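So the sequence shown is residues 6 to 729, counted in my numbering.
We put the CB at the ideal spot given by N, CA and C, even for glycine.
Keep in mind the model is a prediction, meaning the values are calculated, not measured.
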Amino acid sequence: MVVGRRDDSIEHAPNTREAVDAERLAETTNLIDAEDSLRYLPSLLVRKRHVGDSQAPLATRTSGVGASARSLIYADGVLLSALIGNNNSFASPRWGMVSPDEIARVEVLYGPFSAAYPGNSIGAVVNIVTRLPERLEASVSSDVNLQAFDHYGRTGLFPAYRVAANVGDRIGPLSWFASASHLDSRGQPLAYVTALQPAAPQAGGTPVTGAVSDLDRSGRPIFALGAGGLERQRQDNLKFKLSAELGPSLRLTYSVGLFLNDTDSRAETYLSGPSGPIFAGTLNIDGRRVTVPASAFSNQVYAIDQRHWMHALSLDGAGETFSWSAIATLYDFGRDVQRIPSGALPASAEGGAGSIVRMDGTGWRTLDLKARWHASAGTELSFGAHEDRFELANHRYATADWRSGEAGALVQAASGRTRTSALWLQDGWHLSPQLELTLGARYEWWRAYRGFNFSSSPALAVDQPARSSAGLSPKASLHWSPGARWAATFSLARALRFPTVSELYQAIATGPTITVPNPDLRPERATSAELALERSWASGHVRLSLFRERIEDALLSQTAPLLPGSTALFTYVQNVGAVRTNGLELAFERRGLLPGFDLSGSVTLADPEIVSDPAFPAAEGKTIPQVPRRRASLVATWRPTDIAALSLAGRYASRSFATIDNSDTVGHTYQGFESYLVLDARALIRIAPHWELALGVENLGDRRYFLFHPFPGRTFTAEATWRW
Numbered sequence: 006m007v008v009g010r011r012d013d014s015i016e017h018a019p020n021t022r023e024a025v026d027a028e029r030l031a032e033t034t035n036l037i038d039a040e041d042s043l044r045y046l047p048s049l050l051v052r053k054r055h056v057g058d059s060q061a062p063l064a065t066r067t068s069g070v071g072a073s074a075r076s077l078i079y080a081d082g083v084l085l086s087a088l089i090g091n092n093n094s095f096a097s098p099r100w101g102m103v104s105p106d107e108i109a110r111v112e113v114l115y116g117p118f119s120a121a122y123p124g125n126s127i128g129a130v131v132n133i134v135t136r137l138p139e140r141l142e143a144s145v146s147s148d149v150n151l152q153a154f155d156h157y158g159r160t161g162l163f164p165a166y167r168v169a170a171n172v173g174d175r176i177g178p179l180s181w182f183a184s185a186s187h188l189d190s191r192g193q194p195l196a197y198v199t200a201l202q203p204a205a206p207q208a209g210g211t212p213v214t215g216a217v218s219d220l221d222r223s224g225r226p227i228f229a230l231g232a233g234g235l236e237r238q239r240q241d242n243l244k245f246k247l248s249a250e251l252g253p254s255l256r257l258t259y260s261v262g263l264f265l266n267d268t269d270s271r272a273e274t275y276l277s278g279p280s281g282p283i284f285a286g287t288l289n290i291d292g293r294r295v296t297v298p299a300s301a302f303s304n305q306v307y308a309i310d311q312r313h314w315m316h317a318l319s320l321d322g323a324g325e326t327f328s329w330s331a332i333a334t335l336y337d338f339g340r341d342v343q344r345i346p347s348g349a350l351p352a353s354a355e356g357g358a359g360s361i362v363r364m365d366g367t368g369w370r371t372l373d374l375k376a377r378w379h380a381s382a383g384t385e386l387s388f389g390a391h392e393d394r395f396e397l398a399n400h401r402y403a404t405a406d407w408r409s410g411e412a413g414a415l416v417q418a419a420s421g422r423t424r425t426s427a428l429w430l431q432d433g434w435h436l437s438p439q440l441e442l443t444l445g446a447r448y449e450w451w452r453a454y455r456g457f458n459f460s461s462s463p464a465l466a467v468d469q470p471a472r473s474s475a476g477l478s479p480k481a482s483l484h485w486s487p488g489a490r491w492a493a494t495f496s497l498a499r500a501l502r503f504p505t506v507s508e509l510y511q512a513i514a515t516g517p518t519i520t521v522p523n524p525d526l527r528p529e530r531a532t533s534a535e536l537a538l539e540r541s542w543a544s545g546h547v548r549l550s551l552f553r554e555r556i557e558d559a560l561l562s563q564t565a566p567l568l569p570g571s572t573a574l575f576t577y578v579q580n581v582g583a584v585r586t587n588g589l590e591l592a593f594e595r596r597g598l599l600p601g602f603d604l605s606g607s608v609t610l611a612d613p614e615i616v617s618d619p620a621f622p623a624a625e626g627k628t629i630p631q632v633p634r635r636r637a638s639l640v641a642t643w644r645p646t647d648i649a650a651l652s653l654a655g656r657y658a659s660r661s662f663a664t665i666d667n668s669d670t671v672g673h674t675y676q677g678f679e680s681y682l683v684l685d686a687r688a689l690i691r692i693a694p695h696w697e698l699a700l701g702v703e704n705l706g707d708r709r710y711f712l713f714h715p716f717p718g719r720t721f722t723a724e725a726t727w728r729w
């Protein structure tokens, strides 16, 4: 890791920071997707379920993987966070808009202590800094991955490969960079089809074999009937960036990205009957009668076709005492279609009646104006304005042929918009050579409007009332440097996180998941504090942070079976009275601990508690869902020669819970959350001036664990890169 305590950007964020650069990533990380760059940073988890996973949200110190709207991810100031929702599905960050090969540095700010960022920064702000070439350069890379996975006695090999090419140059005042990549990935099951075991034997039903006895996350006996969500993803990422120096201190930059995703998901049954594989019906398993609806397996079969565009235009100016920037972005779901069968497998896999779910037209626009003024030797003023607009357009249609048929009658519709405007100011005073005080404030105006929900059965057509809210978020930070190598910082901040458009209005069933909106949700109000003590030296640093966060009207997302034993899931959001997390984070790095040997890592201890929930008192005193009490990471790198680097890394988290009353007592099962210790290894060899080879293993010990979904088993990787 690479760390610098004070921030030299325009917004001059006073937050605790951690960072990692491209050289360190190349030596330590099997970097297949851009989100892999965060793997070993303190207190962070990206829920990446397989190579190419397009639903990979970020979890932070105090928020789980279902709270994607409590963190912000940027690439060169361009928003990648999909703040149309607060979930781990379509609201996951758009990592595909960044090529791993263009990453120069990844920076993380912890907590909402900078007025330059909205309340979504409660957890963390990630900024991926990409590079522009200084001369003609090009690279071609290819990597192959092979995962061995087995569960319930079923074993499979799941390969993935990626090819990528990059080229760029600088010609006078112009710099440009272009990248293209193609990924073909097959993943392990993301879901299992299960049924509750009847308490007593019952006669009747077709006798079948192959079911596996297990427990669900609440400890009830179940039969595992088969697997679903076996995805094959074919993705293409194209990006072009052009930058022009218009003068000695003026730069104009435009970038455009295109993300193409073609995903097919299949299901497999474990059940065999007199006539072959069984997917549905009234069945008899070990003397117990079980009814399996057609949707149990067919909901795990789907096809996704996505074409998303990203545009960004920025203008930056820099002077001796005054710097400024303006950046406008657009993200557009140009095409977003999911097709799902409704009939019973295996016949419905080839076609027949089903549904088409479209999100075309969904997207967002943002505008940020920022400036920084060095008013005097001891004063530094930053200020800015922000505007964003998010739009949800989600429609579900019936179709006679889910594979290739046209959309028929409208079955469901959900749409709406949100708009947020903000002004912010942040001033830093050097009270003495050792003491710096930073005060800031952000005032935000939020509005939700044009909310609409439609259902054909039951008949429903509702124009939701418009909503509005506004509020001030003050910030304060005191930084003390008693010596060149010691620093202490105390920060205190308030943050407002307004409901996203999908939390308010989204009510569309996609595959096995039914989403239940709430147009009456209130903004969540966070009060965060941190005391950070840091000792740095030329070859590393060590930092201890004590943090506390209290969120009132916390917006918590839950996913649960629609009915006990049902394979259909429903997701809902609710305001919880108050949640509180106290914690400690220790992070360190030491380069050259031994000749050619580096060591870095972190330990996080947290006490996440639901303090108040008048609507559901059983949740009070329980652990906040999806937030583990203990996390740790450790990365060791040895360079036996100038051309080779060998790394071994470990990631650990204690078990967490899925429900707000912590009733999910079993972690090692589908929909459970359990502890894990995963080891990764990587060997990088620069075999020639233009060639690099790398071999790696992820989950070296083949640890089997669940974070709602089953996570990958041991995965081997091989990479080859040519650079010029």
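Looking only at its own chain, which residues have a Cβ that is under 6 Å from the Cβ of Gly224, when we skip the five neighbours before and after it?
-> Start at 1 with the first residue of the sequence shown, and residue 224 comes out as number 219. Excluding sequence neighbours, Gly224 sits near Thr670, Val671.
Quick one, which of Trp451, Gln417, Leu497, Gly488 has its alpha-carbon nearest Val467's?
-> Taking the first residue of the sequence shown as 1, we reach residue 467 at position 462. Looking at the Cα atoms, Gln417 is the closest of the given residues.
Beta-bridge partners of Trp314, as assigned by DSSP = For the purposes of this step, residue 314 is identified with residue 309 of the sequence shown, where counting begins at 1. Under DSSP, Trp314 forms a beta bridge with Leu263, Asp337.
Using the DSSP secondary-structure output, state which residues sit across from Tyr613 in a beta bridge.
-> Residue 613 sits at position 608 when you count from the first residue of the sequence shown. Note that residue 613 corresponds to Pro in the displayed sequence, not to Tyr. Beta-bridge pairing links Pro613 to Thr586.
Excluding sequence positions up to five away, which residues of its chain have a Cβ less than 6 Å from the Cβ of Ala493?
-> Walking along the sequence shown from the start, residue 493 turns up at place 488. Leaving aside the five residues that flank Ala493 on each side, the residues in its chain whose CB is nearer than 6 Å to its CB run, in chain order, Trp485, Leu538.
Going straight from the alpha carbon of Ala238 to that of Tyr448, what length do you get?
-> Taking the first residue of the sequence shown as 1, we reach residue 238 at position 233. Taking the first residue of the sequence shown as 1, we reach residue 448 at position 443. Per the sequence shown, the amino acid found at residue 238 is Gln instead of Ala. Approximately 42 Å, taken between the alpha carbons.
Over what stretch of residues does the beta strand (DSSP E) that includes Phe662 continue unbroken?
-> As a position in the sequence shown, residue 662 is number 657, starting the count at 1. Counting along the chain, Phe662 sits inside no beta strand (DSSP E), nor does DSSP assign it H or E at all.
Could you check where the alpha helix (DSSP H) with Glu508 kicks off and where it finishes?
-> Position 503 of the sequence shown, counting from 1, holds the residue named residue 508. Start and end: 506 to 510.
Of the listed residues Phe711, Trp727, Leu689, Ser507, nearest to Asn35 (C-alpha basis) = Counting from 1 along the sequence shown, the entry for residue 35 is found at position 30. Ranking the options by Cα distance to Asn35, first place goes to Leu689.
Environment of Pro504 [buried if 16+ CB atoms lie within 10 Å] | Here residue 504 corresponds to residue number 499 of the sequence shown, with the count starting at 1. Label assigned to Pro504: buried.
Take the Cβ of Thr371 as the centre, count every other Cβ of all protein chains shown within 10 Å, and call the residue buried at 16 or more, exposed below.
-> On the sequence shown, residue 371 is found 366 positions in, with the first residue counted as 1. By the neighbour-count rule (16 or more Cβ atoms within 10 Å), Thr371 is buried.
Relative to the C-alpha of Ala699, which residue among Trp727, Tyr675, Gln676 is closest?
-> As a working mapping, residue 699 is identified with position 694 in the sequence shown. Of all alpha-carbon atoms in Trp727, Tyr675, Gln676, the one lying nearest the alpha-carbon of Ala699 is that of Trp727.
Would you report the Cα separation of Asn20 and Arg555, rounded to the nearest angstrom?
-> Position 15 of the sequence shown holds residue 20. Position 550 of the sequence shown holds residue 555. Straight-line measurement puts the Cα of Arg555 at about 18 Å from the Cα of Asn20.
Considering only the beta carbon of each residue, do Val640 and Ser68 sit closer than 9 Å?
-> Locating residue 640 in the sequence shown gives position 635, where the first residue counts as 1. Locating residue 68 in the sequence shown gives position 63, where the first residue counts as 1. No, these two residues do not count as a Cβ contact at 9 Å.
Starting from Ser300, follow the alpha helix (DSSP H) in both directions and report where the run begins and ends.
-> As a position in the sequence shown, residue 300 is number 295, starting the count at 1. 300 to 303 is the span of the alpha helix (DSSP H), which, as asked, contains Ser300.
Val7 versus Gly410 - alpha carbon distance | Residue numbering aside, residue 7 sits at position 2 when the sequence shown is read from its first letter. Residue numbering aside, residue 410 sits at position 405 when the sequence shown is read from its first letter. The pLDDT assigned to Val7 is 46, lower than 50, so where the model puts this residue is not dependable; a value taken from the coordinates is nonetheless given after this. A direct Cα-to-Cα measurement between Val7 and Gly410 gives close to 53 Å.
Any 3 or more C-beta pairs closer than 8 Å across the segment 135 to 147 and the segment 90 to 97 = In the pairwise beta carbon analysis, the segment 135 to 147 is classified as not touching the segment 90 to 97: fewer than three pairs are separated by under 8 Å.
Hey, out of Glu112, Thr65, Trp369, whose CA is closest to Leu88's CA?
-> Stepping through the sequence shown from its first residue, residue 88 is reached at position 83. Taking only the C-alpha atoms, the option nearest Leu88 is Trp369.
For Leu560, does the count of other Cβ atoms within 10 angstroms reach 16, so buried, or fall short, so exposed?
-> Start at 1 with the first residue of the sequence shown, and residue 560 comes out as number 555. Buried, because 16 or more other Cβ atoms sit within 10 Å of the Cβ of Leu560.
Option in Ser328, Glu28, Gly324, Arg401 with minimal Cα separation from Ser109 | For this step, residue 109 is matched to residue 104 along the sequence shown. Per the sequence shown, residue 109 should be read as Ala rather than Ser. The shortest Cα separation from Ala109 among Ser328, Glu28, Gly324, Arg401 belongs to Glu28.
Please determine if the segment 177 to 190 and the segment 153 to 160 are in contact, where contact requires at least 3 C-beta pairs separated by less than 8 Å.
-> The segment 177 to 190 is not in contact with the segment 153 to 160.
Element boundaries [beta strand (DSSP E), containing Arg222] | Residue numbering aside, residue 222 sits at position 217 when the sequence shown is read from its first letter. First-last for Arg222: undefined, no H or E at that position.
Is there contact here, the segment 470 to 483 with the segment 435 to 443, by at least three beta-carbon pairs under 8 Å?
-> The way I'd put it, the segment 470 to 483 does touch the segment 435 to 443; three or more beta-carbon pairs between them come closer than 8 Å.
Identified DSSP bridge partners for Ala185 | Stepping through the sequence shown from its first residue, residue 185 is reached at position 180. Answer is Ala170, Leu243, bridged to Ala185.
When DSSP labels each residue in this structure, what does Ile89 get in the three-state scheme?
-> If you number the sequence shown from 1, residue 89 lands on position 84. Here Ile89 sits in coil by DSSP.
If we call anything under 9 Å between Cβ atoms a contact, is Ile373 one with Ala403?
-> Here residue 373 is taken as the residue at index 368 of the sequence shown, counted from 1. Here residue 403 is taken as the residue at index 398 of the sequence shown, counted from 1. Ile is not the amino acid found at residue 373; the sequence shown has Asp there. Not in contact: Asp373 and Ala403 (Cβ atoms no closer than 9 Å).
Give every residue of the same chain whose Cβ lies closer than 7 Å to the Cβ of Phe662, excluding the five residues on either side of it in the sequence, and list them in chain order.
-> Taking the first residue of the sequence shown as 1, we reach residue 662 at position 657. Excluding five sequence positions before and after Phe662, the CB atoms of its chain that fall closer than 7 Å to its own CB belong to Thr628, Pro630, Asp669, Phe678, given in chain order.
Residue range of the unbroken alpha helix (DSSP H) whose run includes Thr33 = Locating residue 33 in the sequence shown gives position 28, counting from the first residue. Taken as a continuous stretch (DSSP letters only), the alpha helix (DSSP H) holding Thr33 covers 27 to 33.
DSSP-derived helix/strand/coil call for Glu355 | Taking the first residue of the sequence shown as position 1, residue 355 is located at position 350. For Glu355, the secondary structure class from DSSP, reduced to helix, strand or coil, is helix.
Pair within 9 Å by beta-carbon distance, Gly601 and Pro645 | Residue 601 sits at position 596 when you count from the first residue of the sequence shown. Residue 645 sits at position 640 when you count from the first residue of the sequence shown. Result yes, Cβ atoms of Gly601 and Pro645 sit closer than 9 Å.
Is DSSP giving Asn125 helix, strand or coil here?
-> Numbered from 1 along the sequence shown, position 120 holds the residue referred to as residue 125. Asn125 sits in a helix when the DSSP states are folded into three classes.
In angstroms, rounded to a whole number, what distance separates the CA positions of Val70 and Leu428?
-> Against the sequence shown, residue 70 aligns to sequence position 65. Against the sequence shown, residue 428 aligns to sequence position 423. Inter-residue distance for Val70 and Leu428 is about 30 Å (C-alpha atoms, whole angstroms).
In terms of alpha-carbon separation, which member of Arg312, Ala323, Trp329, Gly348 lies closest to Arg340?
-> If you number the sequence shown from 1, residue 340 lands on position 335. For the options Arg312, Ala323, Trp329, Gly348, the alpha carbon positioned closest to that of Arg340 is the one of Arg312.
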